[in-house]
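One structure below.
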Amino acid sequence: MTTRKAPKHRRGATYFRPDPDAVYAATHVIDLSQVESFVARYPKPDDVVPVSDMVGTALDGCFIGACTTAEEDLVLGAMVLQIGLARGMATKKGGKRKVVPGSLPILHRLKELGLAEVYEEAGFEVGVPGCSYCVGMGADRAGEGEVWISSQNRNFENRMGKA
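Going from the sequence shown to my numbering is simple: count from 1 and add 213.
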């Protein structure tokens with residue numbers, strides 16, 4: 214049996230745990246099967262609706278990245294793709310797909326785990342770490358009038374390119 218070492222940034226972390234005899238004012242049970250994911254609609258970050266409200270929306274592209282997208286987010290995204298592909302689900306033909314890790318260590322870790330290949334198998338271009346679609350100022354830009362889904366933290370008008 215082996216144990217996984219904690220990443221460097223977590224080794225000295227302080228975790229808070231209750232005292233063994235702690236008394237609680239209330240306990241709440243949340244049925245996570247009833248919790249739905251939400252998405253912020255363009256162009257207002259506060260225009261938030263359940264993902265189910267967006268079913269059937271035609272997409273021109275998918276971008277997973279940004280400086281706020283952590284390693285764990287990219288691992289989970291790859292795992293979702295891996296499960297879907299293993300179940301025989303096909304990715305939509307056409308459209309652009311790009312994943313951009315926030316740093317070289319994250320990119321190396323994705324490659325080490327074989328997850329960069331999962332993204333590639335699903336039709337994603339794995340970009341070099343750094344700014345990408347989320348700033349909309351370089352070569353990576355959404356085209357005028359295109360509809361994208363993105364993991365970035367803001368969806369202001371013209372954020373990914375000219376609207």
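Note that beta-carbon positions come from the ideal geometry of N, C-alpha and C, so glycine has one too. These numbers come from a predicted model, not from an experiment.
Based on DSSP bridge pairs, tell me the residues matched to residue i.
i: A253; result: V261
i: I277; result: V312
i: V339; result: V312
CB residue i to CB residue j, shorter than 7 angstroms?
i: G315; j: C347; result: no
i: E338; j: K306; result: no
i: G274; j: W361; result: yes
i: V264; j: V248; result: no
Along the alpha helix (DSSP H) that carries residue i, what are the first and last residues, could you check?
i: I296; result: 284-299
i: I319; result: 317-325
i: V331; result: 328-334
Tell me which residue opens and which closes the beta strand (DSSP E) that residue i is part of.
i: V313; result: 309-313
i: I362; result: 361-363
- prompt: Are there three or more Cβ pairs, one per stretch, closer than 8 angstroms when the segment 251-261 is compared with the segment 362-374?
  reply: yes
Does the segment 285-301 come within contact of the segment 315-332, defined as at least 3 CB pairs closer than 8 angstroms? In short, these stretches touch, since the Cβ pair count reaches three.
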